[in-house]
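Structure first, then comments.
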Amino acid sequence: MQIPLYRSKEREIMDQIDSEKLKMFSFLLFSKLEGAVTSGMVHLGDQLGLYRALAAAAIPLTTAQLAHVTGLNERWVREWAYNQASAKLISAETTPSTSPSVSDDKFSLSPEQVAVLANADHPAFGVGMFHRLPQTMEALKHMPESFRTGVGRDYDSHGPEGAVGIERSFEPWNNANLIDTVLPALDGIVKRLSAGANVADIGCGAGGAVLMMARRFPASTFRGYDISAYALARATERLSNSDITNASFHDPRVDSLPADHSVDFISTFDCIHDMTHPTQMMKLIRAALSDGGTWLLVDIKAHDTFALNAQKNPMAPLMYGISVLSCLSSAMSSPDGAGLGTLGLSPATAQQMALDAGFTRFQRLNVDHAVNAFYEIRP
Ligand SMILES: C[S@@+](CC[C@H](N)C(=O)[O-])C[C@H]1O[C@@H](n2cnc3c(N)ncnc32)[C@H](O)[C@@H]1O
């Protein structure tokens, strides 16, 4: 491949620099670094209980009070609070202090900040997404090798906390919407699950959807499948701590999906784009599903091209970045991986792949979600 090289014109390019544009571009770059380090502080705010302490307080707290109720060192808490308040993630009442070492500034959370930062039961809870930040960033160390060889790393490379992080990322919305909004949007599924159906959730992660559906529909039988040992261990632990008797969890490489059209309902939540062989998985889903069965495909809202994603999705940089560190890495974790990645399953791609796998009906559901699209796919 012939690539023109401009090295000889370097001086000419330097002469063309516009100082105002240079300043703005440098600001843009460092705003990304600000986002990265503030994300680290969000992780700490969650892990150290700082958000929960602010949410529980009846009055705005000084950093001395916040340090006291969390059992932490005031000086560190103060620096954290300054980061969070200047990033506008927590609210601050500032007062000019006479002493530089003692702060009278007070910090609190608005109701919206409580929902997103501190209330894991709220569907808008967002801090779960920051749980596995250290593990995700740790992946950077392995990225040069992956960029050279083309081979990525699966979800277990993020360790046990990776599985907990996925659980905390997706479950707040699912807990509020899966039973009451998503399942009723599917033709006849609630009725079938109530009567007793054979169900599989593939890429089940820590098992939240399986456990929730199994509890709600005791006449049905639920099997969760995942290739992550950490996710399966977490799911199995949660199952054994519950009184649920109609659910189980499996590694499909050991205990494969039935290929006899015996499953009535299959769900896949945010996992097809992570798979090394998504086409093969769709064929396995078709072989498992009865002719009258339904596949609920939930995957990231994506457009067909990079240009459309960049234009229409304000979170496109986040999506492409997390893809490199997590989704694409998983989807390329074998040398022949298809490598769809986070934004790889647009509606058109999903539909074509489903048709190729032997499905004939494909419908996007009217379910509103910030990042996910929902599809009912039938033989
Ligand atoms: C982003 S997580 C989603 C987990 C879960 N569905 C949820 O919503 O919390 C993607 C999951 O797909 C799993 N996965 C990837 N390839 C798989 C495969 N071939 N078969 C089953 N699970 C797979 C990963 O191990 C990971 O747990």
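Numbering-wise (our numbering), the sequence shown opens with residue -5 and increments by one.
Cβ atoms here follow ideal geometry from the backbone N, Cα and C, with glycine treated the same way.
Could you work out which residue in the options is closest to residue i when comparing CA atoms only?
i, options, result
"ALA229", "THR239, VAL204, VAL248 and PHE211", "VAL204"
"VAL365", "ALA200, SER80, ALA310 and ASP195", "ALA310"
"VAL110", "ALA208, HIS244 and ALA49", "ALA49"
"GLY153", "GLU132, SER214 and SER163", "GLU132"
"HIS116", "GLU28, GLY202 and PRO166", "PRO166"
"VAL71", "LEU44, PHE19, ALA213 and MET137", "LEU44"
"ASP293", "SER256, PHE300, SER340 and VAL257", "SER340"
"ASP174", "ALA200, PHE211 and GLN(-4)", "PHE211"
"ALA208", "LYS82, TYR224, ALA189 and ILE221", "ALA189"
"ASN192", "MET275, GLY286 and MET123", "GLY286"
"PHE356", "GLY202, SER256, ILE371 and GLY197", "ILE371"
"LEU55", "MET347, ILE196 and ASP98", "ASP98"
"LYS100", "PHE353, THR89 and VAL108", "THR89"
"SER33", "ASP12, ALA118 and HIS125", "HIS125"
"ARG247", "ASP254, MET275 and ASN240", "MET275"
"MET123", "LEU23, GLY159 and GLU28", "GLY159"
My output table needs one value for residue i: the three-state DSSP class, helix, strand or coil.
i, result
"ILE173", "helix"
"ARG162", "helix"
"ASN192", "strand"
"ILE266", "helix"
"SER236", "coil"
"ALA79", "helix"
"PHE124", "helix"
"HIS136", "helix"
"GLY146", "coil"
"ALA51", "coil"
"GLN(-4)", "coil"
"VAL108", "helix"
"VAL248", "coil"
"ILE221", "coil"
"THR64", "helix"
"LEU334", "coil"
"GLY153", "helix"
Ligand 1 and residue i: does any heavy atom of the ligand fall closer than 8 Å to the residue's C-beta?
i, result
"ILE160", "yes"
"HIS271", "yes"
"ASN168", "yes"
"GLU231", "no"
"PRO246", "yes"
"MET275", "yes"
"ASP9", "no"
"GLY190", "no"
"GLY315", "no"
"GLY199", "yes"
"SER151", "no"
"GLU165", "yes"
"ILE221", "yes"
"PHE263", "yes"
"ASP249", "no"
"ILE196", "yes"
"ALA241", "no"
"ALA51", "no"
"GLY268", "According to the sequence provided, residue 268 is Asp. The question's Gly does not apply to it. Checking the Cβ of ASP268 against ligand 1 gives yes."
"GLY202", "yes"
"ASP115", "no"
"ALA225", "yes"
"ALA157", "yes"
Kindly indicate the opening and closing residues of the beta strand (DSSP E) around residue i.
i, result
"ALA367", "366 to 372"
"ASP350", "First-last for ASP350: 341 to 350, but that is the alpha helix (DSSP H), not the beta strand (DSSP E)."
"ALA325", "Note, ALA325: premise wrong, no beta strand (DSSP E); alpha helix (DSSP H) at 322 to 325."
"GLN357", "355 to 358"
At which residues does the alpha helix (DSSP H) containing residue i begin and terminate?
i, result
"GLY202", "202 to 210"
"ASN303", "300 to 306"
"PHE21", "13 to 41"
"PRO128", "127 to 132"
"GLY315", "310 to 316"
"ALA114", "No alpha helix (DSSP H) holds ALA114; DSSP gives it neither H nor E."
Identify the residues that DSSP records as bridge partners of residue i: which are they?
i, result
"PHE216", "VAL193 and ALA241"
"ILE260", "ALA194 and TRP289"
"LYS100", "THR56 and GLU87"
"LEU283", "VAL257"
"ILE294", "ASN366"
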